[in-house]
Amino acid sequence: MLIAHLSDLHIGATPATVTRLEQVIAYLQRLRQAPDAILVTGDLADHGAEGEYLIVAGLRRLGAPLLVLPGNHDDRATMRRVLLGAEPSPEPLNQVVHVGDAVFALCDSSVPGHAEGLLSDATIGWLESVLDEAGERPSFVCCHHPPVPVGKPAADAVKQVGAWRLAALLESRPSVVALCCGHIHSAAVGAFAGKPVLAAPGVESTMLLPWEPPDRPDPGPALAFHLFEDGRLTTHYRAAVSAG
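Counting from 1, one number per residue, gives the positions in the sequence shown under the UniProt record's numbering.
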């Protein structure tokens, strides 16, 4: 199973965000093996507007299932209506999606009006029931906000709070393969509750790390590939380089 993992498109932040998304789509269209799913871990839109989500829907041209979850810039009701064809609602947008034998728990860590994240009590309860039902099937827990610090104060100030509740749930779940997230606009790997935390780079921009020079060139849009085969997970990070 090959999963293309994108995050932080921020469509509508600048005109360049549309160009950068199209660059990613063009890159994915040229792959010799099509992904089994496209996972987008939040901040799809910058203002939560209908037109922004209609542009994100262009990812469906790739033909793979599109797995989406909200970030702190997204609007739950509009996202439900435009991308999921569901009744608009301001309630947490949690979904479970099956791709082959794998289970993807798409958790809503957004808190309307706040940049930091939180998995509500209702979402934690929902996730527990999803993992119970999944049993021994490989499961991926996905959310926008990472539950661990990443080494940049501005990003760490708006990470997922109350993460000990998630840790208590995951520590007894050997079937959980990894946590997939975004928010930090950086290709990063960490560990949490004995599981790898895999953050996708930002399509819209890349976070400047504290030890990098402020005049670092823009690296362009990038993404992660998660390859899961024979019970083993390998992640590769790639820049969405255009042909020619």
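Backbone N, C-alpha and C fix where the C-beta goes; we use that ideal spot for every residue, glycine too.
Small disclaimer: the values here were computed from a predicted structure and weren't measured.
Starting from L69, trace the beta strand (DSSP E) both ways and give me its first and last residue.
-> L69 -> beta strand (DSSP E) spans 66 to 69.
Out of F192, H236, V130, which has the shortest C-alpha to C-alpha gap to H145?
-> Closest option to H145, Cα to Cα, is F192.
Helix, strand or coil for G190, going by three-state DSSP, please let me know.
-> Of the three classes helix, strand and coil, the one that applies to G190 here is strand, per DSSP.
Where does L21 land, buried or exposed, given buried means 16+ other C-beta within 10 angstroms?
-> With 16 or more other Cβ atoms within 10 Å, it is buried.
Could you have a look at A115 and say whether DSSP puts it in helix, strand or coil?
-> Under the three-state reduction of DSSP, A115 is assigned to coil, being neither helix nor strand.
Give the straight-line distance between the Cα atoms of V130 and P213, rounded to the nearest whole angstrom.
-> Computed Cα separation, rounded: 44 Å.
DSSP beta-bridge partners for S139?
-> In the DSSP output, where bridge partners are listed per residue, S139 has V103, V176.
What first and last residue would you give for the beta strand (DSSP E) that runs through V18?
-> Going by DSSP, V18 is part of no beta strand (DSSP E) but of the alpha helix (DSSP H) stretching over 16 to 29.
For Q33, write down the residues that DSSP places opposite it in a beta bridge.
-> Paired residue(s): none; Q33 is not in a bridge.
Opposing strand residues paired with K195 [DSSP bridges] | Residue pairing from DSSP places K195 in a beta bridge opposite F192.
Using only alpha-carbon positions, find the residue among A187, G125, A105 that is nearest to A168.
-> In terms of CA proximity to A168, G125 leads the group A187, G125, A105.
Pull up the DSSP beta-bridge partners for V241, would you.
-> In the DSSP output, where bridge partners are listed per residue, V241 has none listed.
In chain order, what residues of the same chain lie with their CB nearer than 6 Å to the CB of V40, ignoring the 5 residues before and after it?
-> For V40, same chain residues with a beta-carbon under 6 Å away, outside a window of 5 residues either side, are L6, V68 in chain order.
Limits of the unbroken alpha helix (DSSP H) element including I55 | In the DSSP assignment, I55 falls within the alpha helix (DSSP H) that extends over 50 to 56.
Could you give the distance in angstroms between the alpha-carbon of T235 and the alpha-carbon of I3?
-> Straight-line measurement puts the Cα of I3 at about 9 Å from the Cα of T235.
Span of the alpha helix (DSSP H) holding A77?
-> 76 to 83 is the extent of the alpha helix (DSSP H) around A77.
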